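Residue numbers (the numbering used here): 9 to 408.
The beta-carbon is built from N, C-alpha and C at its ideal position, and this holds for glycine as well.
Here the structure is a predicted model, which means the values were calculated and not measured.
Structure record follows, encoded as structure tokens.
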Ligand SMILES: Cc1cc2nc3c(=O)[nH]c(=O)nc-3n(C[C@H](O)[C@H](O)[C@H](O)COP(=O)(O)OP(=O)(O)OC[C@H]3O[C@@H](n4cnc5c(N)ncnc54)[C@H](O)[C@@H]3O)c2cc1C
């Protein structure tokens, strides 16, 4: 077993480390200030455009994309430490065009899109000229079981007609969002896993109405999480992604790598929280000594180090399995890492919040936001219980 980085990864890590120190961390407060001052808080701030231009010049662009010729040519294993490094900043992913939901959408367009669909949507997404959203979850049904999805995609001559209500459609409020990948029922009579399809819907199509911007524990993300009504939205039949009934198969393709990316970035968040916790514990004095000398704080720090290193190893193993044996072979590990990484990151961030006292719950540090993100990501992209169900099923099956 070799734990060293490939030459390509080592070179990119070096560049990315300098980019983070010199540009991304200093831009964090500017990003927030520009959003607060903007007429539309969902518009991309100027500082982000500058970061993206710089990242592109440095070759730090679309690093997540493992499909030939579209990204930097990295494997999942090579991307993992880079995603971790960028995950230390909440604005890091966007700066290098590696943020959800665009990453997952780009992946499925690369895998399932026609040449026309790729030219119209994938190329501008890779160049960050537009952004996209993914609309699967519905307020009215338990959407962690996607067979429940009730929205409809009905064939009508050379078009499809789309109806339904979605929510937590991330990215939809960004004025640059031009594409929605919509999941709905195209054939209610088909076998359970062939009933759903995915179709490409221009965000400005008549009948698409964003009803509200949903918060995440009170935070409103720049990209926005929309509740969206689709009423008789008509798109050409050529907008179907793959074939009718392919919705579930495509969803699997989308979520495997995406879950790994979340886990990789969660390690970055946990590392940043641990850094902050250690520094604060050294400088803050209570009852006659620095917090860093208290046994309980030392235990929080030590446990955080152990847990972070454990999940990093699991991320690397899962990435390696995906690279060498494919996404399907890594199913149990990917499910495991989605649960474990978020739980660990949340626990570490929570200890850091406690170490900071009131400052930890203010917005003066990144901790409160990281607390919300690492909690919400135990629901988004499949709740923990659904991943545990997958792991248990695969495990029990070994003994049948
Ligand atoms: C910040 C954020 C961003 C999101 N972005 C998007 C997006 O861009 N596009 C999109 O389509 N969706 C998005 N979602 C929605 C997310 O994917 C869903 O919330 C998730 O799949 C769960 O569906 P649900 O909310 O309908 O919960 P439900 O299906 O109603 O489940 C509720 C709870 O039941 C429990 N549960 C479910 N199944 C089981 C089981 N088998 N065993 C035991 N317990 C179980 C779980 O604890 C679960 O949390 C986002 C959510 C959040 C919070």
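- Could you spell out the range, first to last residue, of the alpha helix (DSSP H) harbouring residue 382? Start at 1 with the first residue of the chain shown, and residue 382 comes out as number 374. If you look at residue 382, you'll find it in the alpha helix (DSSP H) that goes 375–384.
- Item | Beta-carbon gap between residue 276 and residue 93 smaller than 8 Å | Taking the first residue of the chain shown as 1, we reach residue 276 at position 268. Taking the first residue of the chain shown as 1, we reach residue 93 at position 85. For residue 276 and residue 93, yes; Cβs fall inside 8 Å.
- Query: For residue 146, is the classification buried or exposed, using 16 other Cβ atoms within 10 angstroms of its Cβ as the cut-off for buried?
  - Reply: The residue labelled residue 146 in the question sits at position 138 within the chain shown. Note on residue 146: 16 or more other CB atoms within 10 angstroms of its CB, so buried under the neighbour-count rule.
- Task: In angstroms with no decimal places, state the Cα-to-Cα distance between residue 32 and residue 90.
- Result: Translated into the one-based positions of the chain shown, residue 32 becomes position 24. Translated into the one-based positions of the chain shown, residue 90 becomes position 82. A straight line joining the alpha-carbon of residue 32 with that of residue 90 spans about 14 Å.
- Task: Please determine if the stretch 225–235 and the stretch 174–190 are in contact, where contact requires at least 3 C-beta pairs separated by less than 8 Å.
- Result: Yes, the stretch 225–235 touches the stretch 174–190.
- Message: With distance defined between alpha-carbon atoms, name the residue in 133, 364, 311 nearest to residue 113.
- Response: Here residue 113 corresponds to residue number 105 of the chain shown, with the count starting at 1. Among 133, 364, 311, the Cα nearest to that of residue 113 is on 133.
- Query: Hey, residue 211 and residue 243: beta-carbon distance below 8 Å or not?
  - Reply: For the purposes of this step, residue 211 is taken as residue 203 along the chain shown, with counting starting at 1. For the purposes of this step, residue 243 is taken as residue 235 along the chain shown, with counting starting at 1. Cβ atoms of residue 211 and residue 243: not closer than 8 Å.
- Query: Which residues does DSSP pair with residue 171 in a beta bridge?
  - Reply: In the chain shown, counting from the first residue as 1, residue 171 sits at position 163. According to DSSP, residue 171 bridges with 160.
- Message: Can you look up residue 176 in the DSSP assignment and give me helix, strand or coil?
- Response: Position 168 of the chain shown holds residue 176. Residue 176 falls in the strand class under three-state DSSP.
- Cβ contact (3+ pairs, closer than 8 Å) linking the stretch 352–366 and the stretch 326–343: Judged by Cβ distances under 8 Å, the stretch 352–366 makes no contact with the stretch 326–343, as fewer than three pairs qualify.
- Query: Sorted by chain position, which residues of the same chain lie with C-beta nearer than 6 Å to residue 161's C-beta, five sequence neighbours on each side aside?
  - Reply: Stepping through the chain shown from its first residue, residue 161 is reached at position 153. 168, 170, 192, 194, 205, 207, listed in sequence order.
- Message: If contacts are defined as beta-carbon pairs under 8 Å, then residue 249 and residue 189 qualify, I think. What distance do you get, rounded to the angstrom?
- Response: Locating residue 249 in the chain shown gives position 241, counting from the first residue. Locating residue 189 in the chain shown gives position 181, counting from the first residue. Right, the Cβ-Cβ distance comes to about 7 Å (below 8 Å), so this counts as a contact.
- Message: For a quick check, are the C-beta atoms of residue 385 and residue 270 less than 8 Å apart?
- Response: Position 377 of the chain shown, counting from 1, holds the residue named residue 385. Position 262 of the chain shown, counting from 1, holds the residue named residue 270. Taking 8 Å as the Cβ cut-off, residue 385 and residue 270 qualify as a contacting pair.
- With burial defined as no fewer than 16 other Cβ atoms inside 10 Å of the residue's Cβ, what is the status of residue 110: buried or exposed? On the chain shown, residue 110 is found 102 positions in, with the first residue counted as 1. Classification of residue 110: buried, given that the 10 Å Cβ count is 16 or more.
- For residue 139, count neighbouring C-beta atoms within 10 Å of its own C-beta (all shown protein chains included) and say buried if the count is 16 or more, exposed if not. Reading the chain shown from its first residue, position 131 is the one you call residue 139. Counting the other Cβ atoms within 10 Å of the Cβ of residue 139 gives 16 or more, which makes it buried.
- Query: Is residue 281 near residue 323, with beta carbons less than 8 Å apart?
  - Reply: Taking the first residue of the chain shown as position 1, residue 281 is located at position 273. Taking the first residue of the chain shown as position 1, residue 323 is located at position 315. One thing to note: residue 281 has its Cβ no nearer than 8 Å to the Cβ of residue 323.
- Item | C-beta contact flag for residue 72 and residue 106 at 8 Å | Taking the chain shown and counting its residues from 1, the one referred to as residue 72 is at position 64. Taking the chain shown and counting its residues from 1, the one referred to as residue 106 is at position 98. With contacts defined by Cβ atoms closer than 8 Å, residue 72 and residue 106 form a contacting pair.
- Message: Taking the straight line between their C-alpha atoms, what separation do you get for residue 5 and residue 163?
- Response: This structure leaves residue 5 out entirely; the chain is present only between 9 and 408.
- Got a sec, what are the start and stop residues for the beta strand (DSSP E) residue 210 sits in? As a first step, residue 210 must be located in the chain shown, where it is residue number 202. Counting along the chain, the beta strand (DSSP E) containing residue 210 begins and ends at 204–210.
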